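**Student:** Protein chains in written order, with numbering that gives the first Met the number 0: chain C, 0 to 292; chain X, 0 to 292; chain D, 0 to 292; chain P, 0 to 292.
Protein chains: 4
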Amino acid sequence: MKVGFIGIGRMGSAIAGRVLAGEHDLVVYNRTPGKTDELARAGARVAASIADACRGREVVVTMLADDPALEEVTLGEAGVRDSLARGAIHMTMGTHGVAAVRALDAAHSAAGQILVAAHPVGRPDVAAAGRLGLIVGGPPDATRRCAPLFEVIGRRTFQTGPEPASATAVKLANNFLLGCALEAMGEAFSLARKYGVETQVLYDLITDGLFAAPAYEVYGKIMVEEAYDQVGFTADLGLKDANLVLAAADLAHLPLPSANVLRDRLLGAVAHGDGARDWAVIAREQARAGGLD
Amino acid sequence: MKVGFIGIGRMGSAIAGRVLAGEHDLVVYNRTPGKTDELARAGARVAASIADACRGREVVVTMLADDPALEEVTLGEAGVRDSLARGAIHMTMGTHGVAAVRALDAAHSAAGQILVAAHPVGRPDVAAAGRLGLIVGGPPDATRRCAPLFEVIGRRTFQTGPEPASATAVKLANNFLLGCALEAMGEAFSLARKYGVETQVLYDLITDGLFAAPAYEVYGKIMVEEAYDQVGFTADLGLKDANLVLAAADLAHLPLPSANVLRDRLLGAVAHGDGARDWAVIAREQARAGGLD
Amino acid sequence: MKVGFIGIGRMGSAIAGRVLAGEHDLVVYNRTPGKTDELARAGARVAASIADACRGREVVVTMLADDPALEEVTLGEAGVRDSLARGAIHMTMGTHGVAAVRALDAAHSAAGQILVAAHPVGRPDVAAAGRLGLIVGGPPDATRRCAPLFEVIGRRTFQTGPEPASATAVKLANNFLLGCALEAMGEAFSLARKYGVETQVLYDLITDGLFAAPAYEVYGKIMVEEAYDQVGFTADLGLKDANLVLAAADLAHLPLPSANVLRDRLLGAVAHGDGARDWAVIAREQARAGGLD
Amino acid sequence: MKVGFIGIGRMGSAIAGRVLAGEHDLVVYNRTPGKTDELARAGARVAASIADACRGREVVVTMLADDPALEEVTLGEAGVRDSLARGAIHMTMGTHGVAAVRALDAAHSAAGQILVAAHPVGRPDVAAAGRLGLIVGGPPDATRRCAPLFEVIGRRTFQTGPEPASATAVKLANNFLLGCALEAMGEAFSLARKYGVETQVLYDLITDGLFAAPAYEVYGKIMVEEAYDQVGFTADLGLKDANLVLAAADLAHLPLPSANVLRDRLLGAVAHGDGARDWAVIAREQARAGGLD
Numbered sequence: 000m001k002v003g004f005i006g007i008g009r010m011g012s013a014i015a016g017r018v019l020a021g022e023h024d025l026v027v028y029n030r031t032p033g034k035t036d037e038l039a040r041a042g043a044r045v046a047a048s049i050a051d052a053c054r055g056r057e058v059v060v061t062m063l064a065d066d067p068a069l070e071e072v073t074l075g076e077a078g079v080r081d082s083l084a085r086g087a088i089h090m091t092m093g094t095h096g097v098a099a100v101r102a103l104d105a106a107h108s109a110a111g112q113i114l115v116a117a118h119p120v121g122r123p124d125v126a127a128a129g130r131l132g133l134i135v136g137g138p139p140d141a142t143r144r145c146a147p148l149f150e151v152i153g154r155r156t157f158q159t160g161p162e163p164a165s166a167t168a169v170k171l172a173n174n175f176l177l178g179c180a181l182e183a184m185g186e187a188f189s190l191a192r193k194y195g196v197e198t199q200v201l202y203d204l205i206t207d208g209l210f211a212a213p214a215y216e217v218y219g220k221i222m223v224e225e226a227y228d229q230v231g232f233t234a235d236l237g238l239k240d241a242n243l244v245l246a247a248a249d250l251a252h253l254p255l256p257s258a259n260v261l262r263d264r265l266l267g268a269v270a271h272g273d274g275a276r277d278w279a280v281i282a283r284e285q286a287r288a289g290g291l292d
Numbered sequence: 000m001k002v003g004f005i006g007i008g009r010m011g012s013a014i015a016g017r018v019l020a021g022e023h024d025l026v027v028y029n030r031t032p033g034k035t036d037e038l039a040r041a042g043a044r045v046a047a048s049i050a051d052a053c054r055g056r057e058v059v060v061t062m063l064a065d066d067p068a069l070e071e072v073t074l075g076e077a078g079v080r081d082s083l084a085r086g087a088i089h090m091t092m093g094t095h096g097v098a099a100v101r102a103l104d105a106a107h108s109a110a111g112q113i114l115v116a117a118h119p120v121g122r123p124d125v126a127a128a129g130r131l132g133l134i135v136g137g138p139p140d141a142t143r144r145c146a147p148l149f150e151v152i153g154r155r156t157f158q159t160g161p162e163p164a165s166a167t168a169v170k171l172a173n174n175f176l177l178g179c180a181l182e183a184m185g186e187a188f189s190l191a192r193k194y195g196v197e198t199q200v201l202y203d204l205i206t207d208g209l210f211a212a213p214a215y216e217v218y219g220k221i222m223v224e225e226a227y228d229q230v231g232f233t234a235d236l237g238l239k240d241a242n243l244v245l246a247a248a249d250l251a252h253l254p255l256p257s258a259n260v261l262r263d264r265l266l267g268a269v270a271h272g273d274g275a276r277d278w279a280v281i282a283r284e285q286a287r288a289g290g291l292d
Numbered sequence: 000m001k002v003g004f005i006g007i008g009r010m011g012s013a014i015a016g017r018v019l020a021g022e023h024d025l026v027v028y029n030r031t032p033g034k035t036d037e038l039a040r041a042g043a044r045v046a047a048s049i050a051d052a053c054r055g056r057e058v059v060v061t062m063l064a065d066d067p068a069l070e071e072v073t074l075g076e077a078g079v080r081d082s083l084a085r086g087a088i089h090m091t092m093g094t095h096g097v098a099a100v101r102a103l104d105a106a107h108s109a110a111g112q113i114l115v116a117a118h119p120v121g122r123p124d125v126a127a128a129g130r131l132g133l134i135v136g137g138p139p140d141a142t143r144r145c146a147p148l149f150e151v152i153g154r155r156t157f158q159t160g161p162e163p164a165s166a167t168a169v170k171l172a173n174n175f176l177l178g179c180a181l182e183a184m185g186e187a188f189s190l191a192r193k194y195g196v197e198t199q200v201l202y203d204l205i206t207d208g209l210f211a212a213p214a215y216e217v218y219g220k221i222m223v224e225e226a227y228d229q230v231g232f233t234a235d236l237g238l239k240d241a242n243l244v245l246a247a248a249d250l251a252h253l254p255l256p257s258a259n260v261l262r263d264r265l266l267g268a269v270a271h272g273d274g275a276r277d278w279a280v281i282a283r284e285q286a287r288a289g290g291l292d
Numbered sequence: 000m001k002v003g004f005i006g007i008g009r010m011g012s013a014i015a016g017r018v019l020a021g022e023h024d025l026v027v028y029n030r031t032p033g034k035t036d037e038l039a040r041a042g043a044r045v046a047a048s049i050a051d052a053c054r055g056r057e058v059v060v061t062m063l064a065d066d067p068a069l070e071e072v073t074l075g076e077a078g079v080r081d082s083l084a085r086g087a088i089h090m091t092m093g094t095h096g097v098a099a100v101r102a103l104d105a106a107h108s109a110a111g112q113i114l115v116a117a118h119p120v121g122r123p124d125v126a127a128a129g130r131l132g133l134i135v136g137g138p139p140d141a142t143r144r145c146a147p148l149f150e151v152i153g154r155r156t157f158q159t160g161p162e163p164a165s166a167t168a169v170k171l172a173n174n175f176l177l178g179c180a181l182e183a184m185g186e187a188f189s190l191a192r193k194y195g196v197e198t199q200v201l202y203d204l205i206t207d208g209l210f211a212a213p214a215y216e217v218y219g220k221i222m223v224e225e226a227y228d229q230v231g232f233t234a235d236l237g238l239k240d241a242n243l244v245l246a247a248a249d250l251a252h253l254p255l256p257s258a259n260v261l262r263d264r265l266l267g268a269v270a271h272g273d274g275a276r277d278w279a280v281i282a283r284e285q286a287r288a289g290g291l292d
């Protein structure tokens with residue numbers, strides 16, 4: 000397929016690499032130019048502008064950091080909406096708010112284009128191996144047209160329905176579940192500590208059985224070792240995600256009390272100067288709340 | 000070893016069966032007599048009273064339903080404390096409050112006896128196979144003396160420290176983590192539903208990766224199928240546990256906000272008539288709170 | 000009336016003084032004897048025992064610190080239940096749990112006695128002036144018989160219904176409302192501070208209008224002045240009350256999320272060493288949670 | 000003073016009426032023209048456009064419904080920013096988010112204009128009587144220049160500091176305190192009901208003493224009478240305010256757990272179809288959560 004790719008960070012780079020490896024015709028664009036060098040060497044054409052990355056493409060993928068970036072790149076002057084052909088597909092892969100995705104969907108529809116949301120689950124190394132899970136929402140015929148890309152990018156797709164925002168909601172729900180697991184572990188570890196138990200013991204117990212899964216194994220280990228400075232995903236970003244999930248719930252008139260707890264804990268961590276640490280640091284914030292620090 | 004066993008319900012029966020299979024000398028007692036028949040056929044002596052089940056025993060195990068039962072059996076007249084020899088061990092295996100376990104510990108110490116807490120993790124079928132995890136707290140020499148029993152009962156022990164209540168706290172923390180996983184899933188499923196996504200899709204996603212563990216696989220399935228009438232553990236019992244964990248946290252001056260959320264959801268489920276259903280029914284209560292039912 | 004009075008602390012002393020002033024025949028008892036001297040000088044007979052304070056009395060009032068004290072004094076050997084005549088009234092005035100009051104009610108009923116709950120609202124100086132509000136629950140004919148006492152003790156009665164525990168629930172609800180007002184003020188003050196506003200300004204605003212009432216005026220002032228060492232009611236006692244209201248709600252299968260917030264904030268205050276300070280100190284704990292301290 | 004006034008709803012009309020009564024030179028503008036007729040009859044000039052309402056004015060007041068309206072009117076083409084003279088003052092009186100007010104402040108500063116926030120406390124009838132409280136934030140010399148207006152509009156000003164958003168934060172804190180009082184009352188009433196107590200009894204108790212203030216008297220009465228269809232302020236608007244206060248806290252890295260409770264209760268009310276009712280309807284939503292409805 001003729002593919003454009005805008006937003007070449009760590010994830011974007013890994014995913015675009017898979018597209019190339021799948022022998023698709025790839026044009027890439029990044030605001031900061033250096034990031035595209037490696038893909039250029041691998042055979043991608045580097046576009047001079049967003050418009051250039053959209054021209055003549057069947058699908059343009061965006062992998063952007065947040066809602067303002069998405070809005071600027073897609074709805075700004077000479078942006079994706081202005082540049083994409085009628086009938087072409089914009090595949091958004093970044094984690095955004097459902098309101099932003101819905102606004103984008105409406106804008107593309109008005110322009111005769113199609114929005115597909117395809118949110119990856121997995122880290123850059125998983126992406127580079129083509130082993131991502133992909134949460135996919137959009138009109139069935141459009142998602143079918145994207146199948147060749149899904150095949151090279153991911154290991155498995157999870158189809159959420161015809162509305163792109165439905166995939167976004169599921170992506171947010173997944174991140175929310177992870178945050179809740181972290182918060183619950185933080186609380187459980189602080190309870191154990193209050194009763195004189197080493198956190199390693201509780202960790203061994205839970206990862207031995209009911210919770211023998213990466214969410215608990217990986218993040219529980221960080222908490223036990225208090226290795227919050229080896230950062231996978233910061234508390235600041237966790238807070239951003241918690242706000243996105245609460246906004247999605249708000250829009251749908253749904254109370255999510257566990258998301259409140261998670262958000263407040265992240266806010267406390269940030270207020271106490273831990274925003275740039277790994278978001279597992281909420282275990283420390285929980286301990287602080289109980290006078291353990 | 001010479002072992003007494005008081006409290007022959009489903010779990011007690013399975014564990015006592017393992018003790019017998021380990022060729023220990025076993026005396027059993029249950030308030031309701033019929034429950035001991037099978038163990039009697041397998042070689043256990045049925046005691047006529049609590050005192051009878053304690054006399055001459057090196058270890059007396061209790062597996063009782065709640066704190067009042069524990070208090071009555073152990074501290075009541077002609078109970079375990081009155082009947083156990085000095086230096087003998089009372090091994091409590093039921094899920095109790097830390098305050099009750101601490102009171103029991105003090106009472107046994109005053110009588111020259113030793114309390115060990117050994118809380119099983121696993122269901123009766125796991126117990127019957129001798130595959131339980133055991134959360135063990137108590138004086139090191141006493142827990143060492145119990146090793147022959149742990150070997151026949153369980154697959155692995157998790158040593159929490161010299162205070163029996165430390166094992167109780169860890170057992171409660173484990174149950175609490177499970178409750179939080181259920182609550183978070185309930186919230187996540189309701190969010191997905193609000194965006195028109197079938198719960199099965201979110202289930203497939205989470206059990207495919209980060210959460211590929213029994214806590215999510217087993218209970219998530221119940222939620223997707225709304226099979227709340229196939230009861231493993233009732234909402235009423237979940238509420239009892241949530242209150243125990245909150246009491247343990249209170250005693251230790253520790254806020255546990257996720258436990259509040261869990262407790263309130265269970266209270267709501269019970270208030271709406273779902274107390275006797277499986278505690279995964281909190282997913283329905285969450286949906287109700289969002290106007291989805 | 001022939002009245003017995005057990006529990007002569009600051010409130011008990013003030014209320015018993017009013018009973019005497021109303022020319023009732025008063026016998027008083029306190030575990031620590033010195034506390035009754037002043038009442039003796041004013042004409043009360045000092046009883047030698049609980050039983051002595053109950054003998055021949057139409058009404059025995061208790062004003063006790065907590066549930067264990069209530070249980071011991073009333074249900075212990077030679078306690079109120081054992082000593083009071085059939086048909087006589089036990090009027091409990093202390094703040095207790097609804098479970099304790101219900102158990103007491105059942106015990107008295109079984110002994111042919113009548114329990115009335117009459118919970119005072121107001122401080123000792125208000126009590127000494129006979130200006131208390133009284134929250135009264137109990138069988139109508141029994142509360143009618145107590146009317147002469149209510150007249151000398153209080154300014155106004157609030158009749159909650161035939162069950163004594165209904166008065167207890169209302170007393171707890173009142174204290175809970177106060178705690179929530181404190182918590183909300185603490186949160187609002189911390190928000191103002193984050194935006195560079197002096198707490199006095201917000202205080203002036205709220206007490207000028209919507210919240211021109213003692214709950215906000217008195218406690219808001221303590222928060223503005225951070226005068227937490229002038230103790231009216233400690234955080235420790237506030238925590239006890241928060242637990243009582245949550246237990247009452249639990250028994251009734253009612254989620255009370257604001258009570259969770261209040262309880263957690265008090266737990267945090269106690270964990271950080273502020274348990275003996277005035278419970279308005281939760282404003283400081285809230286500030287701490289936001290990194291303001 | 001030469002005053003422009005944009006946004007003539009019920010509050011705007013009452014406040015503009017006071018400005019006229021104070022013999023100031025008033026130009027008014029409203030998107031929907033009919034609303035300005037009465038003020039025209041009283042002597043105001045009706046402007047043809049926003050620009051017309053700003054031209055030659057020392058102060059332009061806006062009283063707008065929400066952040067998008069504020070943004071459009073002030074930052075849109077030929078809006079207030081484009082039309083106001085250098086050195087002139089924009090006085091914003093609507094309830095907005097702190098982020099919106101800060102953005103506006105920056106925009107006016109860049110244009111050499113001055114933003115003052117002056118948030119009214121009180122209803123339209125209070126406004127018509129010139130008895131409003133005014134929460135005022137802005138540069139001291141600018142707020143001094145506005146004093147002649149404050150004198151005719153309000154009874155008293157509460158000066159929060161040099162940043163306009165500080166007044167916004169205090170306005171939000173005030174509304175938040177009211178919401179918390181409503182939520183706490185709703186919870187307390189449901190507890191009373193669970194124990195068979197009529198809500199009127201609890202209402203009488205609290206308004207007799209600690210809580211004898213409009214917040215409790217006015218809204219408590221609505222709850223007792225379940226008069227949710229006599230709407231003063233809707234649950235939908237309450238939810239909007241709750242989100243604004245949470246956004247303000249988020250921006251300042253401050254957990255506000257009571258705001259979470261309030262927001263979730265309002266979300267539940269809206270989800271159950273009560274969004275257009277008076278926001279006291281959260282008492283019904285609380286009852287629903289406890290199975291009382």
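Quick reminder that beta carbons are idealized off the backbone N, C-alpha and C, glycines included.
These numbers come from a predicted model, not from an experiment.
So ASN173(P) contacts chain D; which residues on that side make the cut at Cβ distance below 7 Å?
**Tutor:** LEU204, ILE205
**Student:** Beta-carbon of HIS271(P) versus every beta-carbon of chain X: anything under 8 Å?
**Tutor:** yes
**Student:** If you compare alpha carbons, which of PRO161(P), VAL72(P), PHE175(P) is closest to MET184(D)?
**Tutor:** PHE175(P)
**Student:** Which whole-angstrom value is the C-beta distance of ILE113(D) and PRO138(D), which I expect to be below 8 Å?
**Tutor:** 6 Å
**Student:** Identify, in the order they occur along the chain, each residue of the same chain with its Cβ nearer than 8 Å to the Cβ of GLY297(P), setting aside the five sequence neighbours on each side.
**Tutor:** Because chain P here runs from 0 to 292, residue 297(P) falls outside it and cannot be looked at.
**Student:** Thinking C-alpha only, which one of VAL244(X), GLY208(X), GLU70(X) is nearest LYS170(X)?
**Tutor:** Selected option, being the one with the closest Cα: VAL244(X).
**Student:** For a test of the three-state rule: what should DSSP assign to GLY132(P), helix, strand or coil?
**Tutor:** DSSP places GLY132(P) in strand when its eight states are reduced to three.
**Student:** Is it buried or exposed, ASP277(P), if we count other Cβ atoms within 10 angstroms and call 16 or more buried?
**Tutor:** buried
**Student:** So, for GLY42(X): in the same chain, excluding its five sequence neighbours on each side, which residues have a beta-carbon less than 6 Å away from its beta-carbon?
**Tutor:** LEU19
**Student:** Please look up how many angstroms separate the CB atoms of ALA187(X) and ALA180(C), rounded, as I've assumed it's under 8 Å.
**Tutor:** Incorrect: roughly 11 Å between the Cβ atoms, too far for contact.
**Student:** Does the beta-carbon of ALA40(D) have 16 or more other beta-carbons within 10 angstroms, so that it is buried, or is it exposed?
**Tutor:** The residue asked about is misnamed: residue 40(D) is Arg in this sequence, not Ala. By the 10 Å Cβ count, ARG40(D) comes out exposed.
**Student:** Less than 8 Å separating the beta-carbons of ARG17(C) and ILE152(C)?
**Tutor:** yes
**Student:** Can you tell me whether LEU83(D) is helix, strand or coil according to DSSP?
**Tutor:** coil
**Student:** Give me the residue from ASP235(D), VAL60(D), ILE205(D), LEU253(D) with the minimum Cα distance to ARG262(D).
**Tutor:** ASP235(D)
**Student:** Shorter than 8 Å from the beta carbon of LEU255(X) to some beta carbon of chain C?
**Tutor:** yes
**Student:** Taking 8 Å as the CB-CB cut-off, is GLY96(D) touching chain X?
**Tutor:** No, because no Cβ of chain X sits closer than 8 Å to the Cβ of GLY96(D).
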